[in-house]
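Visitor: Numbering (this note's numbering), first residue to last: 53 to 123. First, the structure itself, so that you have it in front of you.
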């Protein structure tokens with residue numbers, strides 16, 4: 053079974069990806085640093101969840117051959 057992500061995580065990740073598609077790639081550590089710089093959320097856990105969801109979305113878009121701006 054997969055993990056359920058909150059609406060905050062999904063909404064924030066999609067906003068960041070649509071606004072800054074060139075900043076993210078399929079590397080979690082890189083995305084974690086970018087999210088930390090862009091988002092003002094005090095919770096480390098939530099920031100990591102956002103970075104993980106962004107990483108997953110990037111991998112899915114690469115596999116399907118779609119550009120990230122199509123989110």
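Just so it is clear, CB atoms sit at the ideal spot from N, CA and C, and this is done for glycine as well. Note that the structure is predicted; figures quoted are calculated from it, not measured.
(1) Cα-Cα, which of 105, 116 and 114 is closest to residue 54?
(2) Would you tell me roughly how many angstroms separate the C-alpha atoms of residue 93 and residue 119, rounded to the nearest one?
(3) Is the CB-CB distance between residue 87 and residue 102 below 8 angstroms?
(4) Among 99, 57 and 56, which one has its Cα closest to the Cα of residue 82?
(5) I'd like the span of the alpha helix (DSSP H) that includes residue 96, first residue to last.
(6) Start and end of the alpha helix (DSSP H) containing residue 77?
Guide: In short:
(1) 105
(2) 27 angstroms
(3) yes
(4) 99
(5) 96-116
(6) Element bounds for residue 77: n/a, residue is neither H nor E.
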